[in-house]
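Asks: Under the numbering used here, think of the first position of the sequence shown as 486, with each following residue one higher.
Using N, Cα and C, we set each Cβ at its ideal position, and we do this for glycine too.
Take a look at this one; I'll ask things after.
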Amino acid sequence: MSTNIDKLHDDHHHTPTGIMRWITTTNHKDIGSMYLWFSLIMFFVGGLMALVIRAELFQPGLQLVVPGFFNQMTTMHALVMIFGAVMPAFVGLANWQLPIMIGAPDMALPRLNNWSFWILPFAFTMMLSTLFMDSGGPAAGWTLYPPLSLQGGDSFPYTILAIHMLGLSSILGAINVIATILNMRAPGMTLMKMPIFVWTWLITAFLLIASMPVLAGAVTMLLTDKFFGTMFFTASGGGDPVMFQHIFWFFGHPEVYILILPAFG
């Protein structure tokens with residue numbers, strides 16, 4: 486009887502193979518590799534957008550794309566490079582290196598680690614799909630300053646939802662990094678003995694948790710201004726467009742250090 490149970494037990498817990506191995510993996514090296522591959526793909530996507538921008542500016546009077554699409558390219562290029570290329574690249578390195586550097590067997594929250602990655606492809610699919618909608622993609626620059634951003638068409642909510650998904654991915658990843666560094670260091674690995682890369686990522690994770698919800702709040706206020714009649718940033722209704730800039734740069738300035746601190750490490 487016990488032999489049969491053992492056989493059933495072994496069969497039930499077989500390791501997934503093929504594409505399911507990558508979809509369901511909780512191994513920090515696998516997830517780190519997926520982050521790095523995703524970053525490379527987004528780097529080429531953003532590079533193609535940069536090629537369109539530079540080709541349009543090749544010489545005066547040259548008209549390869551319409552002005553509206555040019556603005557969409559500059560906006561989407563920045564969003565793809567910041568949130569799709571640079572940040573996932575450093576998260577991929579963190580997934581690979583942090584557990585090894587502190588003597589941990591894996592990240593503290595492996596399932597959350599898997600989820601935080603797989604949010605990204607869906608978020609960027611949604612964001613890039615706006616380029617194929619009748620109203621086109623976002624064309625107000627990556628800062629999304631009103632009132633220009635409020636003039637966007639029906640694709641605007643999809644852009645905002647994609648930004649929310651990107652922020653959620655970043656916050657989940659940051660929670661995982663903090664939990665791993667503070668709770669899973671090997672015996673004798675004190676904070677003052679950690680490599681500088683681990684320290685820079687610990688600080689970066691706190692910056693992500695502090696700043697990403699602020700960006701989410703700002704873009705949600707934009708969404709309600711456009712579709713629900715609020716007047717947060719609409720000057721004609723008593724709102725203040727400059728207030729958006731203050732709120733946005735509460736996120737934007739820490740974002741500078743989020744992008745550079747892991748590289749310093």
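For M486, which residues of its own chain have a beta-carbon under 6 Å away from its beta-carbon, when the five flanking residues on both sides are left out?
Replies: Here residue 486 corresponds to residue number 1 of the sequence shown, with the count starting at 1. Confidence at M486 is low in this model, with a pLDDT of 48, below 50, so its placement is unreliable and no value can be given for it.
Asks: Given a cut-off of 8 Å on the beta-carbon distance, is the pair M561 and G652 in contact?
Replies: One-based indexing of the sequence shown puts residue 561 at position 76. One-based indexing of the sequence shown puts residue 652 at position 167. It is not a contact, given that the beta carbons lie outside the stated cut-off.
Asks: What does a CB cutoff of less than 7 Å around Q582 pick up in its chain, not counting 5 residues either side in sequence?
Replies: For the purposes of this step, residue 582 is identified with residue 97 of the sequence shown, where counting begins at 1. Cβ neighbours of Q582 beyond the five flanking positions: F682.
Asks: Can the beta-carbon of I688 be found less than 8 Å from the beta-carbon of L746?
Replies: Indexing the sequence shown from 1 puts residue 688 at position 203. Indexing the sequence shown from 1 puts residue 746 at position 261. Contact: yes.
Asks: Skipping 5 residues on each side, what residues in its chain have a beta carbon closer than 6 Å to that of A540?
Replies: Residue numbering aside, residue 540 sits at position 55 when the sequence shown is read from its first letter. These residues qualify, in order along the chain: L549.
Asks: Y742 and L692: beta carbons closer than 8 Å?
Replies: In the sequence shown, counting from the first residue as 1, residue 742 sits at position 257. In the sequence shown, counting from the first residue as 1, residue 692 sits at position 207. Contact check for Y742 against L692 passes: the beta carbons are separated by less than 8 Å.
Asks: Can you have a look at H499 and say buried or exposed, based on whether 16 or more other CB atoms are within 10 angstroms of its CB?
Replies: Here residue 499 refers to the residue found at position 14 when the sequence shown is read from its first residue. Its Cβ having fewer than 16 others within 10 Å, H499 is exposed.
Asks: In three-state DSSP terms, what is W627?
Replies: Counted from its first residue, the sequence shown places residue 627 at position 142. In this structure, W627 counts as coil in the three-state DSSP scheme.
Asks: Answer yes or no: the CB of Q582 versus the heavy atoms of the ligand FMN, is any distance below 7 Å?
Replies: Ligands are entirely absent from the displayed structure, and the ligand FMN is therefore not among its contents.
Asks: Looking only at its own chain, which residues have a Cβ that is under 6 Å from the Cβ of I663, when we skip the five neighbours before and after it?
Replies: Position 178 of the sequence shown holds residue 663. Taken in chain order, the residues that qualify are A690.
Asks: T685 and F736 - do their beta-carbons sit closer together than 8 Å?
Replies: Walking along the sequence shown from the start, residue 736 turns up at place 251. Walking along the sequence shown from the start, residue 685 turns up at place 200. In this structure, F736 keeps its C-beta atom at 8 Å or more from the C-beta atom of T685.
Asks: Expressed to the nearest angstrom, what Euclidean distance is found between the alpha-carbon atoms of W734 and D639?
Replies: Here residue 734 corresponds to residue number 249 of the sequence shown, with the count starting at 1. Here residue 639 corresponds to residue number 154 of the sequence shown, with the count starting at 1. Their Cα atoms are separated by approximately 26 Å.
Asks: When the distance is taken between beta carbons, is F602 closer than 8 Å to M697?
Replies: The residue you call residue 697 lines up with position 212 of the sequence shown. The residue you call residue 602 lines up with position 117 of the sequence shown. Contact: no.
Asks: Counting only the same chain and skipping the five closest in sequence on each side, list residues whose C-beta sits under 6 Å from that of P595.
Replies: Residue 595 sits at position 110 when you count from the first residue of the sequence shown. Only T511 meet the Cβ criterion.
Asks: So within the stretch 568-614, which uninterrupted alpha helix (DSSP H) runs reach at least 4 residues, ignoring any that extend past its ends?
Replies: Listed in chain order, they are 572-587 and 595-614.
Asks: Using the Cα positions of L525 and V571, report the straight-line distance between them to the nearest angstrom.
Replies: Here residue 525 refers to the residue found at position 40 when the sequence shown is read from its first residue. Here residue 571 refers to the residue found at position 86 when the sequence shown is read from its first residue. So the alpha carbons of these two residues sit roughly 9 Å apart.
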